[in-house]
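Asks: This structure is in structure tokens; I'll ask about it shortly.
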């Protein structure tokens, strides 16, 4: 899929203690966006048209990422300000680091999470997202290795590792080695003014892989907001130090409500970025390998008498494939209810079955399982064998989808030279088409998010410019 900018993403981090409030940034010569945000008629209004240019970031072309949206706020990352000095002795390279940011689209303000240079405590500072970073690191200090932040109506939540810079060395069997273990914190940040409202240290010595590329978040450290109104934190050191964090936290003070270590002694694995952990175990009576999973939002613990490999969560269902010696390549996937432990085997021709078509992309949005690719559009509940929408559109070159207020947005390009999207909206209650129109743009990813203010993928936010109050009004246009 062609993009209006390079597909760049995130490794995560920020340097301290020499960051100063209001730090200036060096402008990069690139075209700037001129879009502005309009106030929707209500917080539940349904967008039906969008601006021709992104509102954030103002400039495209270097590492920036959007991780979530709530109201008129975004959370994501910007490159960490630093000098051009890199550590060539085996330590973490500053050039790969990114910093947690909170964006207020209404005020056009971007705040970055830092360590206060005077107190060493967490703080935020206003930065300019239209430029490349200036130098702020001048010697020893601490770098913050960030994971993907999340947000609710009032707060953003960031997970960071406070890594010494440069990393200290330790001697193992007579060999000098870098020590890549450091404290792991979760920080709560007020959206309205960037104030730090709570901090919790979840581990004093979490090991960090030092060479995570700057186009991905670390898969072994993540946060997730649960349906129960709590925050789940997962971090694993991949067996290096035997340290695994799997805790459900209270949103008000980040205190621990539930610790997976108190629910099982088995070696657990996470399902990024979801509040679910799972494990394999040997049944003492049968000698067979079985599977257990725990929903960390409420502690529900289910044991399945099958050897399964869990690899994704769609809504309240975990997706799994057979993993035993008798498993076959064309065995259809299973879905396991996080609420009851019920196991449902999907149909052989289900789009989720990898054997059905390797070119079909499946993801979950607002509780709907959506499959696209090769002209296919298939929308259904995660456990269902019957789709609410199933069609093949031969003139669809690439597609992007989003779900908002029981509306499915389908953005399609007809070919690689197309300069605008065909936007088709569907009613997910009935499966009927609501409307079809064309909107400007060509650079959206396959999975996007929409609310009353606009839409975003991983790289840009585009404001809405026109709305309908509900589905019926949109149908009449």
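In my numbering, the protein residues as written are 887 to 1363. Ideal Cβ placement from N, Cα and C applies to all residues, glycine included. Fair warning: this is a prediction, and the values are worked out from it, not measured in the lab.
I need the straight-line Cα distance from residue 1306 to residue 1299, nearest angstrom please.
Replies: The residue labelled residue 1306 in the question sits at position 420 within the chain shown. The residue labelled residue 1299 in the question sits at position 413 within the chain shown. Straight-line Cα distance between these residues: approximately 7 Å.
Asks: Does the Cβ of residue 1355 have 16 or more other Cβ atoms within 10 Å, making it buried, or fewer, making it exposed?
Replies: Here residue 1355 refers to the residue found at position 469 when the chain shown is read from its first residue. Classification for residue 1355: exposed.
Asks: Below 7 Å CB to CB, which residues in the same chain sit around residue 1175 once its five sequence neighbours on both sides are set aside?
Replies: In the chain shown, residue 1175 corresponds to position 289, counting from 1. Cβ within range, chain order: 1166, 1168, 1193 and 1210.
Asks: In angstroms with no decimal places, state the Cα-to-Cα distance between residue 1034 and residue 1107.
Replies: Numbered from its first residue, the chain shown carries residue 1034 at position 148. Numbered from its first residue, the chain shown carries residue 1107 at position 221. Distance between the alpha carbons of residue 1034 and residue 1107: 8 Å.
Asks: Got a sec? Which residues, its chain only, sit under 6 Å from residue 1220 by beta carbon, not counting five neighbours each side?
Replies: What you label residue 1220 is simply residue 334 of the chain shown in a count that begins at 1. If we look at residue 1220 and ignore the five residues flanking it on each side, its Cβ neighbours are 1206, 1229 and 1231.
Asks: Could you give the distance in angstroms between the alpha-carbon of residue 1067 and the alpha-carbon of residue 1091?
Replies: What you label residue 1067 is simply residue 181 of the chain shown in a count that begins at 1. What you label residue 1091 is simply residue 205 of the chain shown in a count that begins at 1. Distance between the alpha carbons of residue 1067 and residue 1091 is about 5 Å.
Asks: Specify the secondary structure class of residue 950 as computed by DSSP and reduced to three states.
Replies: For the purposes of this step, residue 950 is taken as the residue at position 64 of the chain shown. Three-state result, residue 950: coil.
Asks: Would you call the segment 931-941 and the segment 998-1006 in contact, with 3 or more CB pairs under 8 Å?
Replies: The segment 931-941 is not in contact with the segment 998-1006.
Asks: Keeping to the same chain, check which residues put their C-beta closer than 8 Å to that of residue 1164; ignore five residues upstream and five downstream.
Replies: For this step, residue 1164 is matched to residue 278 along the chain shown. The residues are 1154, 1155, 1157, 1177, 1178, 1179, 1180, 1196 and 1204.
Asks: Could you name the residues that DSSP lists as bridge partners for residue 1112?
Replies: For the purposes of this step, residue 1112 is taken as residue 226 along the chain shown, with counting starting at 1. Paired residue(s): none; residue 1112 is not in a bridge.
Asks: Would you mind reading off the limits of the alpha helix (DSSP H) that contains residue 1357?
Replies: Numbered from 1 along the chain shown, position 471 holds the residue referred to as residue 1357. Here the alpha helix (DSSP H) through residue 1357 covers 1357-1361.
Asks: Just tell me which of 1109, 1292 and 1227 has its CA closest to the CA of residue 1122.
Replies: Along the chain shown, read from residue 1 onward, the residue named residue 1122 stands at position 236. The option with the nearest alpha carbon to residue 1122 is 1109.
Asks: Shortest alpha-carbon distance to residue 1251 belongs to which of 1264, 1105 and 1245?
Replies: As a working mapping, residue 1251 is identified with position 365 in the chain shown. The shortest Cα separation from residue 1251 among 1264, 1105 and 1245 belongs to 1264.
Asks: Using beta-carbon positions only, say whether residue 1010 and residue 1000 come within less than 8 Å of one another.
Replies: Taking the first residue of the chain shown as position 1, residue 1010 is located at position 124. Taking the first residue of the chain shown as position 1, residue 1000 is located at position 114. Result yes, Cβ atoms of residue 1010 and residue 1000 sit closer than 8 Å.
Asks: Which of the three DSSP states is assigned to residue 1337 in this structure?
Replies: If you number the chain shown from 1, residue 1337 lands on position 451. Residue 1337: strand per DSSP, three-state reduction.
Asks: Return the residue from the list 980, 1152 and 1118 that minimises the CA-CA distance to residue 1141.
Replies: As a first step, residue 1141 is located in the chain shown; it is residue number 255 there, counting from the start. The residue with the shortest Cα to Cα distance from residue 1141 is 1118.
Asks: Between 1352, 1093, 1079 and 1267, which lies nearest to residue 994 when the distance is taken from Cα to Cα?
Replies: Looking up residue 994 in the chain shown gives position 108. The candidate whose alpha carbon is nearest that of residue 994 is 1079.
Asks: Beta-carbon within less than 7 Å of residue 1233's beta-carbon, same chain only, minus the 5 sequence neighbours each way: which residues are those?
Replies: As a position in the chain shown, residue 1233 is number 347, starting the count at 1. Counting only Cβ-Cβ distances below 7 Å, and skipping sequence neighbours, we find 1218 and 1271.
Asks: Given residue 1135, which residues of its chain have a CB within under 8 Å of its CB, disregarding the five upstream and five downstream residues?
Replies: Locating residue 1135 in the chain shown gives position 249, where the first residue counts as 1. The answer, listed in chain order, is 1072, 1086, 1116, 1117, 1118, 1119, 1141, 1142 and 1143.
Asks: Let's test the definition: count the other Cβ atoms within 10 Å of the Cβ of residue 967 and tell me whether it reaches 16, buried, or not, exposed.
Replies: Position 81 of the chain shown, counted from the start, is the residue given in the question as residue 967. Buried, because 16 or more other Cβ atoms sit within 10 Å of the Cβ of residue 967.
Asks: Please report the straight-line C-alpha distance between residue 1214 and residue 1336, rounded to a whole angstrom.
Replies: As a first step, residue 1214 must be located in the chain shown, where it is residue number 328. As a first step, residue 1336 must be located in the chain shown, where it is residue number 450. Taking the straight line joining both Cα atoms gives about 39 Å.
Asks: Is it true that the CB of residue 964 sits closer than 8 Å to the CB of residue 952?
Replies: For the purposes of this step, residue 952 is taken as the residue at position 66 of the chain shown. For the purposes of this step, residue 964 is taken as the residue at position 78 of the chain shown. Not a contact, by the Cβ cut-off of 8 Å.
Asks: I think residue 1149 touches residue 1187, with their Cβ atoms under 8 Å apart; what is that distance to the nearest whole Å?
Replies: For the purposes of this step, residue 1149 is taken as the residue at position 263 of the chain shown. For the purposes of this step, residue 1187 is taken as the residue at position 301 of the chain shown. Contact flag correct, Cβ pair sits at about 6 Å.
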